[in-house]
Structure formats: C-alpha cells, structure tokens
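Participant: Chains as they are written, first to last, in the working numbering: chain C, 3 to 364; chain R, 2 to 173; chain D, 5 to 113; chain A, -13 to 392.
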Amino acid sequence: MKTELTVIGAGPAGLCASIEAAKNGVDVTIIDENRKPGGQLFKQIHRFFGEKEHLAGVRGIEIGNMLLEDAQKYGVKVLLNTIVWGLFPDLKLGISNGNSVNILETQNIVIATGAAEKPLSFPGWTLPNIMVAGAAQTMVNVNRVLPGNRVLIVGSGNVGLIVAYQLSQAGAEVIALVEALPKVSGWQVHALKIMRMGIPVLTSHTITEAEGKSYVERVEIAKLDENNRIIEGSETKVNVDLVCIAVGLRPLAELCWMAGLRFEYIPELGGFIPLHDENMETSIKGIYVAGDVAGIEEASSAMEEGKLAGIAASVSQGKTDKKKAERDILETKERLRSLRLGTYGDYRYNAKEKIIRKFHEL
Amino acid sequence: MSKNCNLQGMMKAVVSLEELKKSPGYPSEERFKRGPVPVIECVEDIPCNPCELACDRNLISVGKPITNLPRLVDPDALCGGCNKCIIVCPGLVIFIVDKTYSDTEASITLPYEFKPLPKIGDKIMGLNRTGEIVCKGTVHKVQTHKSFNHTNIVTIIVPKEFADDVRFFKAR
Amino acid sequence: MRVYDHPILGKLPDRKEITILVDGKKIKAYEDETIATAILASGIKTLRYTSEKHEPRGIFCAIGQCTDCVMEVNGQPNVRTCITPVEENMVIATQQGLGTWRKVSSKKK
Amino acid sequence: MAKNKQADVVVIGGGAVGTSAAYHLAARGMSVILCEARNIASGASGRCGGQVIHAFARDVNIDKIDYRLKVTRANTEIYKEYQKSFELDFEFRQVGLLDISITEEEFGELERLIEIQRSLGDDEIKLLTKKETLEVMPNLNPDMVSGSRWRESDGNLNPYKLCWAQAVEAQKLGAEILTHTKVEDIVIEKNRVKGVRVKDGIIESEYVVNATNAWSSSLTKGMEVIPVREMAMVTERLPELPPQAFEMLCFGDYAYGATQTASGNYNLGGPAPNYPPDPYDERIYPEEVLRVMSYINTIFPSLEEVSVIRSWVGIMALTPDGMASIGPMPGVEGLFIAVPDGAGMSYAGITGKITAEYICDGKTSIPIDLLNPGRFIGKPKMKWPKPYDITSCHKFICDEESRYKK
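1. CB V112/C to CB A315/C, shorter than 8 Å?
2. By Cβ distance below 6 Å, which residues in the same chain neighbour V299/A in space, the five residues on each side in sequence not counted?
3. Quick one: does F50/C have its CB under 8 Å from some CB of chain A?
4. Which residues of the segment 101 to 130 of chain R have a Cβ closer than 7 Å to any Cβ of chain D? Give them in chain order.
5. Please check if any C-beta of chain C sits within less than 8 Å of the C-beta of P4/D.
6. Less than 6 Å between C-beta atoms, sequence neighbours within five positions excluded: which residues of the same chain meet that for C90/R?
7. Here's the rule I'm using: 16 or more other beta-carbon atoms within 10 Å means buried, otherwise exposed. How should M3/C be labelled?
8. Among T84/C, N151/C, G27/C, whose alpha-carbon lies nearest the alpha-carbon of K321/C?
9. Going along the chain, which residues of its own chain have a beta-carbon closer than 8 Å to the beta-carbon of N5/R, five neighbours each way excluded?
10. Ordered along the chain, which non-local residues of its own chain (more than five positions away) have a Cβ less than 8 Å from that of G81/R?
11. So if I threshold CB-CB distances at 7 Å, which residues from the segment 42 to 57 of chain D count as touching chain C?
12. Going along chain A in order, which residues have a C-beta closer than 8 Å to the C-beta of T98/D?
13. When you check each C-beta in the segment 175 to 198 of chain C against every C-beta of chain R, which residues fall closer than 8 Å?
14. For W201/A and I(-2)/A, what's the separation of their Cα atoms in angstroms?
15. Do L254/C and V295/C have their CB atoms nearer than 8 Å?
16. Quick check on this structure: which residue in V156/C, M68/C, Q109/C, S102/C has the alpha carbon closest to the alpha carbon of W127/C?
17. Any idea which residues DSSP pairs P14/C with across the strands?
18. Return no unless some Cβ of chain D is closer than 8 Å to the Cβ of Q46/C.
19. Given D166/R, which residues of its chain have a CB within under 6 Å of its CB, disregarding the five upstream and five downstream residues?
20. For F90/C, go through chain A and note every residue whose CB falls closer than 8 Å to its CB, in chain order.
21. Suppose you measure from the CA of K22/R to the CA of L93/C; what does that come to, to the nearest Å?
22. With a cut-off of 8 Å on the beta carbons, I'd call S132/A and I88/A a contact; round off their distance for me.
23. Name the chain D residues that come within less than 7 Å of E222/A, Cβ to Cβ?
24. Within the continuous beta strand (DSSP E) that includes W136/A, where are the two ends?
25. Are at least three pairs of beta-carbons, each pair with one atom in the segment 41 to 49 of chain R and one in the segment 46 to 55 of chain C, less than 8 Å apart?
26. Could you please give me the residues that DSSP links to D85/A through a beta bridge?
27. Report yes or no: do three or more beta-carbon pairs, one from the segment 320 to 329 of chain A and one from the segment 188 to 195 of chain A, lie closer than 8 Å?
28. Just to confirm before moving on: does the CB-CB distance between L70/R and P25/R stay below 8 Å?
29. For D243/C and I87/R, I'd like the C-alpha separation in whole angstroms.
30. Report the residue ranges of all beta strand (DSSP E) runs contained in full by the segment 23 to 103 of chain A; include only those spanning at least 3 residues, in chain order.
31. Counting Cβ pairs closer than 8 Å, one from the segment 98 to 116 of chain C and one from the segment 32 to 47 of chain D, do we hit at least three?
32. Rounding to the nearest angstrom, what Cα-Cα distance links G235/C and L118/R in this structure?
33. Return the residue from the list K225/C, L129/C, L82/C that minimises the CA-CA distance to G11/C.
34. So, is the C-beta of H146/R closer than 8 Å to a C-beta in chain D?
35. So which residues of chain D does A137/C contact, with C-beta pairs closer than 7 Å?
36. Mapping the DSSP letters down to three states, classify F1/R as helix, strand or coil.
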C-alpha cells in the first residue's frame, strides 16, 4: 500500500492537516483506530473560544462535522478501525484493521495522535466509576450514557469545569468540584457557569479517599493548608457514585518515540514533547507532528498546527507553489499567535518557542 | 442542583461584584438607567471575540489583540435586546439586564442550556453567582430558535435590588 | 442510564436494537455502540477483576488508552470494550485476571 | 565529572556480563567503576529472550561440549546463589528447554548429535519423539514437529531484571555505576592499561574489563566478534501455559526461542531477516515483524488471536569458532575480555566470577585457556558472512571448524 501523505489520528489536528494537504492536491490517507473520525471533537458540545477564523462560538461537535465534510470534499482517504502498530525506518507504517495486517509506504507523515488524561492516585482510586473526566464526557456526550448521578469532580482546569457543566446538562447532580490549589485553574467563565447553578467549587481541597464495594459509593474530601497539607478535622465524607479526575493531559507520543524523534521535557506542555520546527517538521525529515502530541493546548490551536503541517507536507510534495504556501503559512501562524496570547497563552507561546529553538540547536 | 449547603458554604467566589463592576464590560448605573444593556462578566484575557461581531449596534468592542477584555461602548444607540451576544458567548457570561423593567423589578435575560425548559409564568428562585438563593422571581419570557443552536434564552423578573446579583434560577 | 433527551444533542436517534450476552445474561444494546456503552447502560460498572488482588475495575479513559475496561469477548480476553463495537449475540464475560482463552482457532479469515 | 576519577577496575558495558563483573569484583573488595554508554541492559541483554541454555543440542563445538556444560552449570549455581542473597528477583526458573526438529531428516540429525553429546559425557540431554514433544508442549502445531531434545535444567530468566539485580548489588558493595557514559577508548601506555577515556576526561584504573559484547572489537584490537541482528516480540500477558521454553534451529531457514515470562507475557524471537547494510542497526523493520509473526502463527496456531504488544531488534555477538572469549587480552597488561558467545544468559554469572577471580587471584576456578580472546590474532582477517543472520553465521562457523563433517 502506498500514499503520499499519511496522517495518523483523525482528530482536529489530523483532519486539518489532511484537508490542507488534500486541497493542494496531495494524495492523503488518514488513519484512526476509532470507529468514527473526529477525535475528541464530538464530545466537545460547548462553543469554542477564538475569533471568527477559528470558528469561535461554534460547538466542537459542529466543527467536527464541518471537518469531516471538508475531508470528504477534498478526497481524503479515511481508514477507520485501523491501528498503526509501528512506525519504521524509511517512513514505513505497520497498520492493522483486525482482519489484515499491512505495510503502508509513504513519503510524509503527520503524527497527530493527541493526548490522554493523567490519572491521580489516592486510596481507592482504582474503583469502578472513578474515571478521568474526558471518559465521563465521552460516555455522556458521544455514547449518551450517564455513568453516574452524584458526581465529584477533581481538578478545576477547563476540562474539569466543562465536564461538571456537561454532566449537569445530561441530568447528573455534581456534588462538588475540588481543586488543591487556592484558586480555580481554568477560565473563570467556566467556573462561573457551574457555580451559579449551585455546584460548590472548593479550592484548597482535595480528595483523600474513595470507598465502595464494587464501585465508588463514598469519597472523603479535605481542606489543605498553604503547604498543601491536609488540615486535620476538615475531612468530610460525601456519597457519590461517580468521580471524575481532571488533572491534566499528556501527549500520546508512543509512535514518535518509536520513530526515534528527538524529544525535550517541556512540563508546561504536558511532558516529553517531540522537537519540531516552526512548520511542525520533526528531527526526522518528512515526519511532522501537530496538536496535543506536539504539546498540550486545546482544539483550536491543534487545528491551526494541523494546517501548518498540512501545508508544509504539500510543499515537501511539490504540490503547492512557494508564494501561496508562504502566504498560507503566514496566515496560519497569525491565527495561531492570536490563540497564544494572555495569561494562559503566553506560557504556551514561550514553551512552543523553546521547542523550536531546541530543534534548531540539534 | 446541589442541596449540600455545607459544601457550598466552603466555597469562595472566583470574582467579586466589586471587581466585576470595575471591568469594562459591566455597565455603569447611568447606563442601566437607559434601558436593557448587556452585562459582560468576562474579566480574564481569553483569546476570544465573537461578542464583538455579534452585536449589530456595535455596543461591544474587543479589538486587537483579541485577549482584550470586552468593553461596553457607550454610543447613543441602545441595546435592542436581540440576545445574539448571549447566545454566542462561549463563556456564557453575557446577560442582558433591564433595570428599567418596572419601578420595583428588573428583568434578567440569560442563557439556558438545560432540559426541561421553564415556562412563562413559572415561579422561580433567583440564584446569585455562587448559586445561593437570594430572591423570588418569575419567568417572563422563554425564547428558542434553531439559529440559537440550543442556547436558549430565558428572561426572569426579580426585585430590582437583586439585579446585580441574580445570574441563574431554579424552580420554586 | 441512557440520556434519551439532551439539551444540546437532542433526542437519541433511533437505532437497531440488538442483544448481547454478558456473563450469560441477555442485555439490550444498540447497533454500532461500544461494548462498554451497552454494559454501562445496563447498570454494570465492574468489567473485570485484577489478577493478583482480585480488585474490580471499570471504565477509566474511554478512549482505548488505559486498558482498564478489558473483558473477554467471544472467548478472547483483553478486548478493549470502550472502543470495540457490539455485535448481535456477542458473548461477553467479566474478565478474571488474565482471562481464559476459550477459542483455539480463528473466527474469520 | 569523570575528571580525576580513579578505581581499581573499570568495567565497560552495563549488560548482564558487565554488571556481573562489577558485582563479583566489588564483592572481592575491589573499587569498581562501571561505564555504560546508554543505560543498564540497553544492548543485547535488554533485548534477548532470557533463555538459559546449558548447551545447544546442535552445538558446533561438540568436542567441547563437556567444557561448555561445566561452565554453564557453574553459571546456574551462581544464579541459585543470587536468588538466595539478592534483593531483587530476576525470575530465574528451570522449566526445561525443547529443541525441536521439524523434518524427519532433521530428527535423524538430532538423534545422531545427541548420541555424540551423550558419549562426551552429557548425561542429561534427552531425545523426545514427536508424541513426547507434544505432551510437553501441547500448543505446538503437530505438523511442525518431528521430535526434539529436552534438557530439564534449562530455563529462562528476566534478563533486564538480572542486569539491574547485579547492578544494585554491586552498588551496595561500593561499585559506582555511570550510565550514559560512553567509553571512547581504552587508554594503553607501554602495553599496560591506564584507564578509559570518556567524554570529559580519563578514568584511571589498573584493570579494564571489556564487556561490550558485539561492540567489543571496536574497543579492543585483535578481538573478533560477528554481530548478528536478532529480533524478539512479546505478547500481552497470558495465563500460565505448560512449559514453553523452546528452540528451533532448522538448518534450512530460521531459529526461534520462546519463553513465557513470570508475568505471563509470551516472548518469541528469531533472526531479523531484513538485512540492513549496518549489522549494528538496532531498528526493527516492518517486514521482519510480519515474517516472524507469520512463523509464529504457523508454529503456534493457538496464539493467532493473541496481540503482540512490542517488538524490537538486538545485536547478538558470535565468535568465529563458536566459543566465548573470556580472559586476559594477550599483549595488554590489565585488559580483560568478557564476551560470551551467543547465549549470554547462560554465561553472565560465571563470566563475572571468572573475571574477578583472574583479576584478584591471577587464577580461575575453571580453566579458561580455550577461551583466550587473543586466539584470532595473527590469523588472516576473516570475511564475515552476509547476511548477518544466525543461519548464515552458523553455517560459517560450522564450515570453519568442519564440525558437521564426519
């Protein structure tokens, strides 16, 4: 099997990379191990930030549908239920769909494998119905099953806050959201959404224990002092049947490691990040990264990074003229820049600049 | 919603009314006197500006960079109550408050993304920004439309003195 | 509990109903949904027990990454139920430890 | 950091042999610095199947079988001692090992070889018929077996854990383990070892032990090793299976080893049949994975649905005559070579012990004359077989020694 550009992961970054390259006439195959493309977009039923060009005010689920339409329109080949089990020398990919195993030869690869949520361990954390927040979000928004009725959320980043809101939308009662830090870590607007509904957002609080026979039935939460120590006597037991952990994400970079890409530890962006240049090309020529695998951000910047990688791959395939590519790249970078502004944008911008600097030091 | 007052009592507000009032998206008392007006409770540098484009009367400005706080522009034009800013705000923090609704009452128009939808005339409790019950009120108007894309618009009537506090409600 | 009506997503679309067998019990499922979805909807939260301490485990990541939700499906252990779709008359069992391989020859070619 | 560092002995290589040498030397009171270019068990030791094979059934050095058995049996005794005194378990289990013949003709060959081995004093090796073989290992494809040889004392261990266990014990005894410290060369003045050169300086020592296996010839002139790319893959954890240890060394085509680890993963390996120009290429190629997977499906039809979770390539070292190279390097005072041939897990413990004995006492409990690492010096430069896979290398060694010619 052969294709010019292979994109691994059909989430926002991968779809945008595919569409951008296919628009330029590149023969693109996008691979995803799930039954449906879209990555995590289809569980994001809230409206996105940004400006018009970023599709601000549009719900993630609608953006997902728009991207799928575009992918189809521009002739992107989509392989679903397909696992990339290996990324080998000479840009060969081992793929399998459960029935057959194949080797896919390609000239460019965009790795857009996204991220997974980090776990948090505490006594009892392995009990059923203690899950990462995104899991509950998938179950309720994609699969339309509510995993529990009385929920404790751990972590006040945007994921925790949004999932608290969305579980309420599906009819669950969110008992509380606890945050170990003295202040909410996500945007206040997301916190305000749930607080005004009466969901207690408890800063300087943590979960200390979960109990239950066959699944979580009760948790203990406690207040923390300024040194992050539990204040004795502050422990409270609460009956719940679902605990959602929202304590951050890490890049799913296994294929990047396998390819032998060079990495750098960038804690601001979630851990070990494959080094890449300003157009998302990595330390191995022809391999690009985009989206959360290139540093944890959010879907809007993932899409812009995907576009960058898609344009860069088109240039490498000789499928777009230099002038047009330069213009497209410039515009994409401007859109990306405006998403990386402000309190939560500056540090991401700086971390991204560090990755690019380290790349050029190689 | 939670009935666990114990937990709610442990909570601290993320942003105080005083702070909000200092932000450029919060109308002055003068402005309130002129009729309905958007109240924008967005006080962080979020890279986001759909509210600016939503307003046909250019009452809201973000400008460049888009991390600027949304600012209420104060031309002569009054808010027409089209609610587009409420619908499009990803943070769900734009409310249209009319302190001139009557001598004693104010109307608060807010986004509502839950089921079931309240009905006109429903008796409600007004909730403040931390979900505490502060007053009684009634549902005045419920607007839904395909173009709202599931962000429905509910207008409630509360005593005027709670116009700066009430931002949500629950059935009485 | 299924979310039949949702403020943003609307009514649950009509889908073909099928039956799967979980630990010998018939459970209703809808075509094209994942095994974990159907099982959770039926109220079952424990999908397997660990091999050494026999502790219960359930859904944890729901995106095929953590392998906490593995069960025995048609005689094959370690199937990630959160990303594997149901099929009519699928035989599913709570996995005990490393599970039991009940099938010797391959199912399809 | 390495500036002005000093020790009695510098051990180069953090594999099973290097860590063993460091442990045994430290146990004898020597000050030891171990330098490893990557991390502990990064080379062949961390990439092998972990089989402990006392003697290959089709051993090319049949006349030396008695000697080999003496060495490997002493090695097993050392592992048993480790198990009593070491803090970390390295999962050594003597579950027996099968060497399977596929064709009738091969079975005849096995029969003949085992007869020779027994006449040379190997009283443990047993010939199993097809039926007996399938009784020991029922999940083999019956069409792929004509018979086997069986040695009960063979087995397997977790090679990664063996390296770490030895390294940890060495550290407890005062040895310093420097990982990510590549030795650029061995410093020799007036035919005497002075130490080793690393990136930021020289580590001075009276003795240097070269335990870099496939890479040993690049640090020591006159050493001869044939690097052989081997691949391995490991499955998801499976319930405990009957004794699985297995070796298949078919003359015609390929060789395989399979073991079930203590945690249940099934570990299978064989030659890496994709022949990149560089025999030290540790990357794996997709064709190699597919080929080995199809063989596994043929040999173990019941594993067809089992998922492979990881696969990799490691560089094994063979010597031109199929014997280990363990001993002082002639012409360089203070330089000791510790390179076992092929099955390193059957040699690691004893090789470290011999190294310590030689350096501390000047003599060894097992004579090592046969393993003189200088035995290739002065001989015409050998042309290594290509491709560097086990079959062609094996043939090369056989031809050289004419072992199989009656």
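Here a beta-carbon is modelled for each residue, glycine too, at the ideal position from N, C-alpha and C.
Facilitator: Let me lay it out:
1. For the purposes of this step, residue 112/C is taken as the residue at position 110 of the first sequence. For the purposes of this step, residue 315/C is taken as the residue at position 313 of the first sequence. For V112/C and A315/C, yes; Cβs fall inside 8 Å.
2. Translated into positions along the fourth sequence, residue 299/A becomes position 313. Once the five neighbours on either side are set aside, the close Cβ partners of V299/A are R215, M217, A258, E268, I270.
3. Along the first sequence, one-based indexing puts residue 50/C at 48. Cβ-Cβ to chain A under 8 Å: no for F50/C.
4. E114, F115, K116
5. There is simply no residue 4/D to check, as chain D begins at 5 and stops at 113 in what is shown.
6. One-based indexing of the second sequence puts residue 90/R at position 89. These residues qualify, in order along the chain: C52.
7. Along the first sequence, one-based indexing puts residue 3/C at 1. Exposed, since its Cβ has fewer than 16 Cβ neighbours within 10 Å.
8. In the first sequence, residue 321/C corresponds to position 319, counting from 1. For the residues T84/C, N151/C, G27/C, the minimum Cα distance to K321/C belongs to G27/C.
9. Against the second sequence, residue 5/R aligns to sequence position 4. In this predicted model, N5/R has a pLDDT of only 42, less than 50, meaning its place in the structure is not dependable; the value taken from the coordinates is given anyway. Excluding positions up to five away in sequence, the list is empty.
10. Taking the second sequence and counting its residues from 1, the one referred to as residue 81/R is at position 80. For G81/R, where only same-chain residues beyond five positions count, the Cβ hits under 8 Å are D57, R58.
11. L44, A45, K49, T50
12. As a first step, residue 98/D is located in the third sequence; it is residue number 94 there, counting from the start. Chain A residues near T98/D: none, gap ~15 Å exceeds 8 Å.
13. E175, V176, I177, A178, K185, V186, W189, Q190, V191, H192, A193, L194, K195, M197, R198
14. The residue you call residue 201/A lines up with position 215 of the fourth sequence. The residue you call residue -2/A lines up with position 12 of the fourth sequence. Distance between the alpha carbons of W201/A and I(-2)/A is about 10 Å.
15. By 1-based counting over the first sequence, the position of residue 254/C is 252. By 1-based counting over the first sequence, the position of residue 295/C is 293. Yes; because the gap between Cβ atoms is below 8 Å, this pair is in contact.
16. Locating residue 127/C in the first sequence gives position 125, counting from the first residue. The candidate whose alpha carbon is nearest that of W127/C is V156/C.
17. Within the first sequence, the letter at position 12 stands for residue 14/C. Partner(s): none; P14/C has no beta bridge.
18. Walking along the first sequence from the start, residue 46/C turns up at place 44. For Q46/C, the answer is no, since every Cβ of chain D falls outside 8 Å of its Cβ.
19. Counted from its first residue, the second sequence places residue 166/R at position 165. Excluding residues within five positions, the ones whose Cβ falls inside 6 Å are N129, V135.
20. On the first sequence, residue 90/C is found 88 positions in, with the first residue counted as 1. Those within 8 Å of F90/C in chain A are R269, I270, Y271, P272.
21. For this step, residue 22/R is matched to residue 21 along the second sequence. For this step, residue 93/C is matched to residue 91 along the first sequence. Between K22/R and L93/C, the C-alpha separation is close to 58 Å.
22. Residue mapping note: residue 132/A aligns to position 146 of the fourth sequence, counting from 1. Residue mapping note: residue 88/A aligns to position 102 of the fourth sequence, counting from 1. So it is a contact: roughly 6 Å between Cβ atoms.
23. If you number the fourth sequence from 1, residue 222/A lands on position 236. Those within 7 Å of E222/A in chain D are N82.
24. As a working note, residue 136/A is residue 150 in the fourth sequence. Element bounds for W136/A: 133 to 137.
25. yes
26. Translated into the one-based positions of the fourth sequence, residue 85/A becomes position 99. Beta-bridge pairing links D85/A to R135/A, E233/A.
27. yes
28. Here residue 70/R refers to the residue found at position 69 when the second sequence is read from its first residue. Here residue 25/R refers to the residue found at position 24 when the second sequence is read from its first residue. Cβ distance < 8 Å, so L70/R and P25/R count as in contact.
29. As a first step, residue 243/C must be located in the first sequence, where it is residue number 241. As a first step, residue 87/R must be located in the second sequence, where it is residue number 86. Rounded to the nearest angstrom, the two C-alpha atoms are 34 Å apart.
30. 83 to 87
31. no
32. Walking along the first sequence from the start, residue 235/C turns up at place 233. Walking along the second sequence from the start, residue 118/R turns up at place 117. The alpha-carbon atoms of G235/C and L118/R are separated by roughly 42 Å.
33. Position 9 of the first sequence, counted from the first residue, corresponds to residue 11/C. When each option's Cα is compared against that of G11/C, the closest is L82/C.
34. Position 145 of the second sequence, counting from 1, holds the residue named residue 146/R. Judged by the 8 Å Cβ criterion, H146/R is not in contact with chain D.
35. The residue you call residue 137/C lines up with position 135 of the first sequence. I63, F64, C65, A66, listed in chain order.
36. In the structure as shown, chain R starts at 2 and stops at 173, and residue 1/R therefore has no counterpart that could be examined.
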